[in-house]
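Some notes on the structure that comes next.
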Amino acid sequence: MLARGTGAAQTGTGANLASQLASVPKTRLRLINATVSRGGAVLLGALPFAAVAAVYLASSAQRLAVNANDKLLPSPAQMWAAFLDLATVPDKRSGDLILWADTYASLVRLFAGVGLATLVALLLGIAIGFIPRVRAFLLPFVTVVCVIPPLALLPILFIALGLGETAKITLIAIGVAPVMVRDIANRVMELPPELVAKAQTFGGNSWTMVLRLVLPQTMPRLITCVRLALGPAWLFLIAAEAIASTEGLGYRIFLVRRYLSMDVILPYVVWITLLAVATDWLLARLSRLVSPWAHPGSGK
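Right, dumping it as structure tokens:
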């Protein structure tokens with residue numbers, strides 16, 4: 022009787038659910054279940070960029086029509102001319118091509134800081150996630166460091182380390198490493214216990230398990246951490262260059278702002294964006310190359 026009543030209740034629930042689904046407008050279901058073709062995805066993705074470009078072009082044309090010398094919203098031709106000048110005309114004082122000298126200086130600092138943070142995150146993250154005593158010792162400290170605003174440490178770093186490259190690289194590393202350490206540690210702690218037990222059954226010691234089990238399972242998350250850290254790393258880099266530097270993309274932006282040179286600032290912002298997107302794309306390709314098993318169906 023109880024089973025029959027339960028079955029009846031389930032049947033009634035199913036009938037109610039079916040009637041509720043039937044009452045939902047078909048347009049809603051189509052919106053939820055609709056797929057986007059490759060061309061449609063490209064078109065939809067391009068629309069926000071096109072909208073921003075259209076608004077800028079209209080606003081720029083309006084301001085320049087009123088005042089041809091307006092500097093706030095330069096025309097694309099003005100920005101392109103300024104960009105080409107920085108990229109191809111040597112500087113009168115140093116003889117360098119300013120755009121490429123700034124790009125090289127910034128990328129060296131960025132990659133050094135992110136590389137140092139990645140090494141620290143890999144070592145400490147695996148140790149915290151895999152060794153309980155290390156976790157008990159370091160995890161509370163890392164958790165506290167994660168909530169310290171890195172830019173608040175910038176004056177301290179400049180006082181302690183000077184105004185050279187060491188302080189800038191250290192700021193980038195301190196800014197992104199703690200969050201990366203926590204993420205890697207969480208990934209290691211998420212490893213299925215049966216995998217660890219199986220490795221121990223086959224006689225693996227701690228070092229062997231780190232190399233054969235933990236490290237391969239951690240690599241996709243590590244690369245993802247680096248990709249997510251690029252945005253904050255650029256922020257810390259530009260902040261450091263704006264305060265104490267003689268070359269770099271951030272230094273140049275804050276230098277020319279004194280003259281309201283938006284024809285230089287906006288192309289530099291776009292250039293930084295392109296560099297960040299290219300770096301992210303390369304890291305995504307590296308992740309697929311190193312850990313293809315973590316990206317099913319992406320090898321097309």
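The numbering used here puts the first residue of the sequence shown at 22, with every later residue one more than the last. Each residue gets a CB set at the ideal place from its N, CA and C atoms; glycine is no exception.
Point to revise | Residue(s) in a DSSP beta bridge with Leu118 | key: Translated into the one-based positions of the sequence shown, residue 118 becomes position 97. Within the DSSP bridge table, the entry for Leu118 names Pro111 as partners.
**Study point:** Cβ pair count under 8 Å reaching 3, the segment 174-190 against the segment 235-246
**Key:** As far as the Cβ criterion goes, the segment 174-190 does not touch the segment 235-246, which means the pair count is below three.
Check your understanding: Roughly how many angstroms separate the alpha carbons of Tyr272 and Arg154, rounded to a whole number?
Key -> For the purposes of this step, residue 272 is taken as the residue at position 251 of the sequence shown. For the purposes of this step, residue 154 is taken as the residue at position 133 of the sequence shown. Their Cα atoms are separated by approximately 44 Å.
Practice item. Determine, using beta carbons only, whether Pro111 and Leu287 come nearer to each other than 9 Å. Key: Locating residue 111 in the sequence shown gives position 90, where the first residue counts as 1. Locating residue 287 in the sequence shown gives position 266, where the first residue counts as 1. Going by beta carbons, Pro111 and Leu287 fall outside the 9 Å limit.
Exercise for review: Give the C-beta separation of Ala103 and Val285 to the nearest angstrom, bearing in mind that I take them to be a contact with Cβ-Cβ under 8 Å.
Suggested key: For the purposes of this step, residue 103 is taken as the residue at position 82 of the sequence shown. For the purposes of this step, residue 285 is taken as the residue at position 264 of the sequence shown. Cβ-Cβ separation between Ala103 and Val285: approximately 5 Å, consistent with a contact (criterion under 8 Å).
Review point. On the three-state DSSP scale, how would you describe Asp301?
Key: Position 280 of the sequence shown holds residue 301. Of the three classes helix, strand and coil, the one that applies to Asp301 here is helix, per DSSP.
Practice item. Kindly list the residues whose CB is nearer than 6 Å to the CB of Arg248, restricted to its own chain and excluding five residues on each side of it in sequence; keep chain order. Key: Position 227 of the sequence shown holds residue 248. For Arg248, where only same-chain residues beyond five positions count, the Cβ hits under 6 Å are Asp301 and Leu304.
Review point. In the structure shown, what three-state DSSP assignment does Ser80 receive?
Key: Here residue 80 refers to the residue found at position 59 of the sequence shown. Secondary structure of Ser80 (DSSP, three-state): helix.
Practice item. Determine the direct distance from the alpha carbon of Thr56 to that of Glu215, and round the result to whole angstroms. Key: For this step, residue 215 is matched to residue 194 along the sequence shown. For this step, residue 56 is matched to residue 35 along the sequence shown. Spanning the two alpha carbons is a distance of roughly 38 Å.
Review point. Is the beta carbon of Leu270 less than 9 Å from the beta carbon of Ser58?
Key: Along the sequence shown, one-based indexing puts residue 270 at 249. Along the sequence shown, one-based indexing puts residue 58 at 37. Here Leu270 is not near Ser58, since their CB atoms are 9 Å or more apart.
Review point. Is the CB-CB distance between Phe257 and Gly134 below 9 Å?
Key: Walking along the sequence shown from the start, residue 257 turns up at place 236. Walking along the sequence shown from the start, residue 134 turns up at place 113. With contacts defined by Cβ atoms closer than 9 Å, Phe257 and Gly134 form a contacting pair.
Exercise for review: Would you mind reading off the limits of the alpha helix (DSSP H) that contains Asp204?
Suggested key: Taking the first residue of the sequence shown as position 1, residue 204 is located at position 183. Start and end: Glu186 to Met210.
Point to revise | Own chain residues within Cβ distance below 6 Å of Glu262, not counting five before or after | key: Your numbering for residue 262 matches position 241 in the sequence shown. If we look at Glu262 and ignore the five residues flanking it on each side, its Cβ neighbours are Gly269, Gly271 and Tyr272.
Review point. Which first and last residues belong to the alpha helix (DSSP H) in which Ile177 is found?
Key: In the sequence shown, residue 177 corresponds to position 156, counting from 1. Its alpha helix (DSSP H) spans residues Leu175 to Leu182.
Check your understanding: Which residues bound the alpha helix (DSSP H) around Ser332?
Key -> Residue coverage of the chain in this structure runs from 22 to 321, which leaves residue 332 outside it and unanswerable.
**Study point:** Own chain partners of Thr124 with C-beta closer than 8 Å, once the 5 adjacent residues on each side are dropped
**Key:** Position 103 of the sequence shown holds residue 124. Closer than 8 Å at Cβ, skipping near neighbours: Leu270, Trp292 and Leu296.
Review point. CA-CA distance, Trp101 and Val209?
Key: What you label residue 101 is simply residue 80 of the sequence shown in a count that begins at 1. What you label residue 209 is simply residue 188 of the sequence shown in a count that begins at 1. Spanning the two alpha carbons is a distance of roughly 48 Å.
Check your understanding: Excluding the five sequence neighbours on either side, which residues of its own chain have a C-beta within less than 6 Å of the C-beta of Ala315, listed in chain order?
Key -> Here the question's residue 315 lines up with position 294 in the sequence shown. Excluding sequence neighbours, Ala315 sits near Pro241.
Review point. Can you give the beta carbon distance from Ala138 to Met201, rounded, assuming they're within the 8 Å contact cut?
Key: Translated into positions along the sequence shown, residue 138 becomes position 117. Translated into positions along the sequence shown, residue 201 becomes position 180. Between Met201 and Ala138 the Cβ distance is about 6 Å, and since that is below 8 Å, they are a contact.
Review point. Of the choices Tyr289, Leu144 and Val311, whose alpha-carbon is the least far from that of Leu159?
Key: Counting from one through the sequence shown, the residue named residue 159 turns up at place 138. Nearest neighbour of Leu159 by Cα position, chosen from Tyr289, Leu144 and Val311, turns out to be Leu144.
Practice item. Please report the residue range of the alpha helix (DSSP H) in which Thr164 lies. Key: Along the sequence shown, one-based indexing puts residue 164 at 143. Run containing Thr164: Pro153 to Cys167, per the alpha helix (DSSP H) assignment.
Point to revise | Same chain only: Cβ atoms within 6 Å of Thr191, ignoring 5 sequence neighbours per side | key: Against the sequence shown, residue 191 aligns to sequence position 170. Around Thr191: Leu178.
**Study point:** Within-9 Å CB hit, Ser266 to chain C
**Key:** Among the chains in the structure shown there is no chain C, since it carries only a single protein chain.
Point to revise | Straight-line gap, Pro317 to Arg306 (C-alpha atoms, nearest Å) | key: Along the sequence shown, one-based indexing puts residue 317 at 296. Along the sequence shown, one-based indexing puts residue 306 at 285. Cα-Cα distance, rounded: 13 Å.
Review point. Three-state secondary structure (DSSP) at Asp91?
Key: Position 70 of the sequence shown, counted from the start, is the residue given in the question as residue 91. Three-state result, Asp91: coil.
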